[in-house]
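For what it's worth, the working numbering labels the leading residue of the sequence shown as 744, then goes sequentially.
Down below is the structure, laid out as structure tokens.
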Amino acid sequence: MELQKEARTPRDPVARLPGASRSQKPDEEERREGGSALAATALDAEADGASADGLWELPVEPAERRPECSRCSRPQKVCLCPFLPVHPLHISTHLYIIQHPAEENKVLRTVPLLVACLPQDKCKVKIGRRFSEERDPELSTVCRKSDTLILYPGAEAANLEEFILDSPIYPSTIIIIDGTWSQAKDIFYKNSLFRLPKQVQLKTSISSQYVIRAQPTNRCLSTLECAAVALSILEKNNYIQETLLRPLQALCSFQLQHGAQIRLSKEHLLKNGLYPKPMPKNKRKLRKMELLMNSIKI
């Protein structure tokens, strides 16, 4: 502020520059007045620049993250631990979650809830897009075992319930891919390791309870829901499914109470004429839309 006052002093009509006389003509006075104003503006700009430069030298404080619960990985204020089992569920099946890197930073994730419900030695999460024997010897060994299954739908996938009835070797490990449908497809088809285990799928009539995230069809389940159904089948224990779904139900209920909206599936929107976007011109994409409308599995 002192610098600005000094810069504006010459514009005061009482204070005159050295050598100035009362006999100066009005136009000469205006020129001097204008020159003084330009000088003052330059000083002001210099002062502002100096203060701005000083800001760059200030230490930058990292953005503070809300404290998270060490068990459910949710912010402490919205911790879901009251809905988790007191002790990890006792299971004999080993579960491997292959997680796409994009899922790791999403807020409404279901995998941390799943991990919190199961023993550490029975549930492992591996993050990445590409896996090989050199990069992950452990996963390679698991995929080559005859008692390992991979849960991924498709024409070659067997119904899990029917498979375990006829299989001479009872499965001890199941692999589930975590990501959007396009991300899961990319991981499955671009990693030859994942085509070594027996491919299975779930044939269930239950609808997804993960209503705050849109799904292609009403029968598409979240990773946690897939694990809940699969483990209850493999362990022959329906209590497992009920226990694993409890924190997911609580998560969705909390979000809906605080402004979230129910996300209807693409299948529902198409069947009821509510789909907000124009139909695609690409024949392949258009065919997928038609299959959804006719309830034919893609």
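Ideal Cβ placement from N, Cα and C applies to all residues, glycine included.
No experiment lies behind these values; they were computed from the predicted model shown.
Since residue i is in the alpha helix (DSSP H), which residue starts that stretch and which ends it?
i    : result
I955 : Counting along the chain, I955 falls outside any alpha helix (DSSP H), and DSSP gives it neither H nor E.
C995 : 981-1000
I949 : Segment: none, I949 is in no alpha helix (DSSP H) and carries neither H nor E.
V885 : 880-887
T966 : 966-977
C860 : 854-860
Can you check which of these residues, the options, is closest to residue i by C-alpha distance?
i     : options                 : result
I841  : R873, E968, K849        : R873
L945  : G922, P911, I917, S813  : I917
I870  : L987, K888, N1025, N848 : N848
H1001 : C812, E811, V821        : V821
E899  : R938, C866, I955        : R938
C866  : E985, L967, N981, L999  : L967
K888  : A901, Y913, Q1004       : Y913
N981  : V858, S813, L838, I834  : I834
L827  : P818, R989, A1003       : R989
S951  : P940, V943, Q942, S965  : S965
Q958  : I1005, K933, P940, S935 : I1005
P880  : N1025, L936, P911       : L936
C969  : P911, P940, P896, N934  : P896
D864  : L838, R878, T884        : L838
V858  : T884, L823, Q819        : L823
Inspect the beta-carbon positions of residue i and residue j and report whether they are closer than 8 Å.
i    : j    : result
I983 : E904 : no
C815 : L856 : yes
D890 : S925 : no
I919 : H843 : no
L994 : L832 : no
T853 : E978 : no
Y894 : A973 : The identity of residue 894 in the sequence shown is Leu, whereas the question assumes Tyr. Taking 8 Å as the Cβ cut-off, L894 and A973 qualify as a contacting pair.
H860 : L987 : Contrary to the premise, residue 860 reads as Cys rather than His in this sequence. Yes.
I955 : L999 : yes
V943 : F906 : yes
Y953 : L991 : yes
Around the Cβ of residue i, are there at least 16 other Cβ atoms within 10 angstroms (buried) or fewer (exposed)?
i     : result
A845  : exposed
G876  : For the record, residue 876 in the displayed sequence is Glu; it is not Gly. Per the 10 Å Cβ criterion, exposed.
R774  : Note that R774 scores 47 on pLDDT, short of 50, meaning its location in the model is unreliable; the coordinates nonetheless yield the value given after this. The residue in question, R774, is exposed, as its Cβ has fewer than 16 Cβ neighbours within 10 Å.
G922  : buried
V829  : exposed
L908  : exposed
Y932  : exposed
P1021 : exposed
N1025 : exposed
P940  : buried
R817  : buried
N934  : buried
P810  : exposed
D770  : Reliability fails at D770, whose pLDDT of 47 lies under 50, so the model's placement of it is uncertain and no value is given.
K768  : Model confidence at K768 stands at a pLDDT of 44, short of 50, so the residue's coordinates are unreliable; what they give is reported in the following sentence. It is exposed - the Cβ of K768 has fewer than 16 other Cβ atoms within 10 Å.
Over what stretch of residues does the beta strand (DSSP E) that includes residue i continue unbroken?
i    : result
C812 : Run containing C812: none; DSSP gives neither H nor E here.
D921 : 916-921
S891 : Looking at the sequence provided, one finds Thr at residue 891 rather than Ser. Start and end: 891-894.
I907 : Taken as a continuous stretch (DSSP letters only), I907 belongs to no beta strand (DSSP E), being part of the alpha helix (DSSP H) at 903-909.
L838 : 837-842
Q926 : Counting along the chain, Q926 falls outside any beta strand (DSSP E), though it belongs to the alpha helix (DSSP H) covering 924-932.
C866 : 866-870
V829 : Neither: V829 is in no beta strand (DSSP E) and is coded neither H nor E.
V943 : 941-944
I'd like to know if residue i contacts chain B, where contact means its C-beta is closer than 8 Å to some C-beta of that chain.
i     : result
K1020 : The chain inventory of the structure shown lacks chain B, comprising one protein chain alone.
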